[in-house]
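Working notes, structure below.
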Amino acid sequence: MWEGIATGLATAIDPGNLAWVVAGCLAGTLIGMMPGLGPITAIALMIPVSYSLEPAAGLIMMAGVYYGAVFGGSTSSILINAPGVASTVATSFDGYPMARRGQAGRGLALAAYSSFAGGVVGAIALLLFASTLAAVATAFQSPEYTLVLIFALSSIAAFAERGQVLRSLAAAVLGLMLGTVGTDQSAGVQRFTFGRLDLTDGLSFVLVAMATFALAEAFRMAVAGRGEEPPKRVAHARLHPGDARAIAPAVGRSSALGFLIGVLPGAGATLASFFAYDLQKRFRRGDEADGARGVAAPESANNAACTGSFVPLLTLGIPGSGTTAVLLGVMLSYGLQPGPRLLEAEPAMFWGVIVSMYIGNVVLLALNLPLIPYLSRIVYLRRQVLVPFVIAFSLLGVYLTSLNPFDVYLMLAFAVAGFALRLGGFPLAPLLLGFILSGMLEENLRRTMLLAEGAWGQFLHQPLTLVLAALCVLVWLVPILRLRRRAAGGEPE
Amino acid sequence: MAIRQRILPLALSAFAVVYLWQARLIELDPWSAAEAINARTLPIVYGVILLVLGLVLSVRPGPPGEAAAERHRRWVALPLHAAVILGFAALIPYAGLWIAAAALLLGCLLVAGERRLPVLALAPAATAGAAWLLIAVVLDVYVDPGLWFG
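Keeping their order, the protein sequence lines are chains A and B.
Quick note on this note's numbering: the first sequence kicks off at 3 and runs consecutively.
Quick note on this note's numbering: the second sequence kicks off at 5 and runs consecutively.
Put into structure tokens, the structure is as follows:
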């Protein structure tokens with residue numbers, strides 16, 4: 003492992019890669035700060051840039067974008083109570099009142115230090131566990147992969163927000179359906195192509211990601227009309243004396259919790275931040291007059307969860323969240339197959355990405371603390387300027403990957419559909435997850451059944467498959483138990 | 005229960021029905037038709053699940069989505085932006101990407117309500133120019149100049 007870390011360090015501190023970490027963190031922070039735009043949108047918008055880079059540099063930059071966007075989201079949460087993503091909603095509970103009391107700079111500093119701590123704890127945990135998990139994952143064959151994929155998709159229901167179980171499942175199934183468009187890899191037959199050559203290779207993940215997140219989000223902002231009231235300008239980002247000591251236990255607890263939750267497929271940063279906030283409030287009821295810990299807990303948890311979500315991606319090749327699903331698409335477009343073999347085939351890249359996460363967090367802190375008073379001005383950007391630029395960049399990004407105007411028409415159709423789904427309360431991250439996992443699920447399921455000559459018992463003949471099958475069943479019990487508990491308590495779904 | 009809350013789930017069910025009908029049309033050779041899981045199986049499974057979920061959601065829609073808070077929405081922005089995007093796609097083969105991109109940005113700025121002349125004049129030209137510089141000059145990617153300039 004230490005040899006791997008040294009290789010990764012050499013890759014990560016390469017001046018070119020280091021420059022891309024800085025660029026990624028900066029771009030992610032700026033995009034994430036824009037009200038309404040989150041990490042998935044940020045990563046989707048940066049895909050065309052990543053295509054022009056070497057795989058290691060591209061992935062290192064994307065990891066920086068991810069972290070930067072998560073931190074940027076907290077800035078708009080704290081300053082104008084407009085979280086770009088669900089994972090920073092909990093930050094706004096105590097962060098926005100802090101800004102209203104004239105302590106915006108302190109809130110941002112708390113968010114920056116807590117994010118840093120969460121990210122570092124996560125990166126260290128990933129360094130320690132990644133190779134072990136990858137070694138375990140080499141035992142995985144098609145039946146195990148099929149069950150892990152079913153577990154990941156089932157987790158969408160288990161960890162869906164309140165009242166969103168069926169909608170999340172519907173979105174995931176819709177994603178799975180979109181993933182079936184194109185030439186069937188096993189039999190070579192055309193499916194849902196309507197005789198069009200443009201569809202024979204299937205739908206491009208860049209197109210689906212850009213349409214459902216960047217373009218649909220721009221439509222939502224355009225239709226929503228005027229933005230929030232302009233915030234007061236931030237003079238500097240500094241902690242108050244005693245803040246560091248006060249938040250340290252909350253940060254440690256929330257970072258560990260966040261990483262563990264992040265590892266679970268489908269759970270991710272949102273659940274981690276709410277869980278950490280709730281836990282913090284339960285631990286310290288009545289002792290939170292100024293909300294410092296209420297900002298620190300969700301911030302450290304969501305950043306640690308972001309790192310945790312790389313565990314299933316890098317070790318199994320299975321994305322646990324919408325954002326890592328986009329990253330998986332980026333890796334596949336480089337011709338890389340994430341999973342246990344990645345460690346053997348591309349050790350420099352595998353470890354380089356992990357080590358760069360640590361470096362990315364340092365860069366993020368070094369950049370954000372002095373630059374936050376200037377960077378945060380982006381939240382003043384008027385929607386009438388922001389929306390056209392998001393539309394133009396997303397369309398240019400998709401067109402440049404295919405140079406086919408048909409993709410623009412298709413993207414518009416998907417964006418309108420995504421906008422309608424979003425208005426109807428359907429989450430779009432499960433859709434993207436379903437879309438990315440669709441091909442993997444079908445390929446592994448069909449291979450298993452082919453090798454087993456159609457015998458379903460293949461899924462239960464090994465201890466590992468038995469455990470995974472049991473996990474799939476257990477994960478379905480979570481929403482059922484939740485519904486029963488609500489019904490018993492007389493609460494509506 | 006508002007009727008509009010049922011519309012989207014019912015639309016999903018309708019989509020599932022069309023998808024299932026198309027799934028039935030997937031041509032299988034005799035060899036793969038005999039497989040336990042063939043090219044049709046999962047599409048049919050997905051279609052049936054979405055059909056059922058759509059029907060259940062149309063009966064029990066759950067909490068209202070964002071459409072519930074629609075008093076201050078500017079709905080006209082959606083078809084106008086869509087029209088500008090369609091114009092962009094239609095213009096690319098004739099005017100080339102860079103001019104079409106400048107026109108797209110100008111159209112979107114106007115639809116979004118931007119009226120400052122310096123912004124309207126400079127932003128599209130500067131953005132398209134910067135994109136051309138990055139893609140065509142720095143990265144050396146060939147982009148068709150369009151029928152009018154080719």
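We put the CB at the ideal spot given by N, CA and C, even for glycine.
Please read all numbers here as calculations on a predicted model, not as lab measurements.
In the DSSP assignment, find the unbroken alpha helix (DSSP H) run with residue i in it and report its ends.
i, result
"A:Ser52", "Pro41 to Tyr53"
"A:Phe408", "Pro407 to Leu425"
"A:Ala159", "Ser144 to Ala160"
"A:Asp245", "Asp245 to Val265"
"A:Glu301", "Ala294 to Gly310"
"A:Gln386", "Arg385 to Ser404"
"A:Thr450", "Ala431 to Leu453"
"A:Arg103", "Careful: A:Arg103 lies outside any alpha helix (DSSP H) and carries neither H nor E."
"A:Phe207", "Phe207 to Ala211"
"B:Tyr146", "First-last for B:Tyr146: undefined, no H or E at that position."
"A:Thr90", "Run containing A:Thr90: none; DSSP gives neither H nor E here."
"B:Ala116", "Ala81 to Ala116"
Where DSSP assigns a beta bridge to residue i, which residues make up the other side?
i, result
"A:Thr185", "A:Gln192"
Residue i: which of the options sits nearest, CA to CA?
i, options, result
"A:Arg356", "A:Gly121, A:Ala216, A:Asp96 and A:Gln166", "The amino acid at residue 356 of chain A is misidentified as Arg; the sequence shows Ile. For A:Ile356, the nearest C-alpha among the options comes from A:Gly121."
"A:Pro310", "A:Cys474, A:Ala258, A:Tyr336 and A:Pro340", "At residue 310 of chain A the sequence reads Gly, which differs from the Pro that was named. Ranking the options by Cα distance to A:Gly310, first place goes to A:Ala258."
"A:Ala173", "A:Gln105, A:Gly426 and A:Leu388", "A:Gly426"
"A:Ala71", "A:Leu28, A:Gln105 and A:Arg108", "A:Leu28"
"A:Phe391", "B:Asp33, B:Leu110, B:Ile139 and B:Leu29", "B:Leu110"
"A:Val167", "A:Ile320, A:Pro432 and A:Thr326", "A:Pro432"
"B:Pro47", "A:Met63, A:Gly341 and A:Gln192", "A:Gln192"
"A:Ile438", "A:Ile374, A:Thr182, A:Glu346 and A:Ala271", "A:Thr182"
"A:Thr77", "A:Ala218, A:Leu423, A:Ile482 and A:Tyr376", "A:Tyr376"
"A:Leu81", "A:Ile374, A:Ala419, A:Pro243 and A:Gly420", "A:Ile374"
"A:Asp16", "A:Ser54, A:Gly26, A:Ala59 and A:Phe276", "A:Ala59"
"A:Phe131", "A:Glu56, A:Tyr69, A:Trp4 and A:Gly184", "A:Trp4"
"A:Phe408", "B:Ala86, B:Ala15 and B:Leu90", "B:Leu90"
"A:Ser358", "A:Gly40, A:Ile62 and A:Ala368", "A:Ile62"
"A:Arg247", "A:Gln464, A:Leu112, A:Ala419 and A:Ser404", "A:Leu112"
"B:Ala87", "B:Pro149, B:Ala107, B:Ile41 and B:Val56", "B:Ala107"
"A:Ser52", "A:Tyr69, A:Gly75, A:Ala25 and A:Phe73", "A:Ala25"
"A:Arg108", "A:Pro372, A:Glu445 and A:Trp22", "A:Pro372"
"A:Ala306", "A:Val387, A:Phe221, A:Thr272 and A:Arg486", "A:Thr272"
"A:Gly30", "A:Leu201, A:Ala21, A:Met179 and A:Met64", "A:Met64"
"B:Trp35", "A:Leu171, A:Ser188, A:Met351 and A:Gly124", "A:Ser188"
Drop a sphere of 10 angstroms on the beta-carbon of residue i, count the other beta-carbons inside from all chains shown, and report buried for 16 or more, exposed for fewer.
i, result
"B:Ala18", "exposed"
"B:Gly58", "buried"
"A:Pro494", "Model confidence at A:Pro494 stands at a pLDDT of 45, short of 50, so the residue's coordinates are unreliable and nothing is read from them."
"A:Leu330", "buried"
"B:Asp144", "exposed"
"A:Thr325", "buried"
"A:Leu479", "exposed"
"B:Val80", "exposed"
"A:Pro243", "exposed"
"A:Arg448", "buried"
"A:Ile482", "exposed"
"A:Thr13", "buried"
"A:Pro41", "buried"
"A:His463", "exposed"
"B:Pro83", "exposed"
"B:Tyr146", "exposed"
"A:Ala415", "exposed"
"A:Gln282", "buried"
"B:Glu31", "exposed"
"A:Ala127", "buried"
"A:Ala159", "buried"
"A:Ala141", "exposed"
"A:His238", "exposed"
"B:Asp148", "exposed"
"A:Asp134", "Per the sequence presented here, residue 134 of chain A reads as Thr, with Asp not at that position. Result: exposed."
"A:Pro465", "exposed"
"A:Asp245", "buried"
(Q) Pairs of beta-carbons, one from the stretch 91–109 of chain B and one from the stretch 146–153 of chain B, closer than 8 Å: are there three or more? (A) Of all C-beta pairs linking the stretch 91–109 of chain B to the stretch 146–153 of chain B, three or more are shorter than 8 Å, placing the two stretches in contact.
Q. Would you call the stretch 315–330 of chain A and the stretch 44–51 of chain A in contact, with 3 or more CB pairs under 8 Å?
A. The stretch 315–330 of chain A, when compared against the stretch 44–51 of chain A, does touch it at the 8 Å Cβ threshold.
Q | Inter-stretch contact at 8 Å, needing at least 3 Cβ pairs: the stretch 393–406 of chain A / the stretch 199–218 of chain A | A | Yes: at least three Cβ pairs fall under 8 Å.
**Q.** Contact the stretch 330–347 of chain A vs the stretch 294–310 of chain A: 3+ CB pairs below 8 Å
**A.** Touching, no.
(Q) For the structure I just gave you, are there three or more beta carbon pairs, one from the stretch 295–302 of chain A and one from the stretch 313–320 of chain A, closer than 8 Å? (A) In this structure the stretch 295–302 of chain A does not touch the stretch 313–320 of chain A; the number of beta carbon pairs closer than 8 Å is below three.
Q) Are the stretch 452–469 of chain A and the stretch 197–210 of chain A touching, with three or more C-beta to C-beta distances below 8 Å? A) Counting Cβ pairs under 8 Å, fewer than three are found: no touch.
Q: Say whether the stretch 109–125 of chain B touches the stretch 135–143 of chain B, bearing in mind that this needs 3 or more beta-carbon pairs closer than 8 Å, one atom from each stretch.
A: Flag = no, the stretch 109–125 of chain B and the stretch 135–143 of chain B do not touch.
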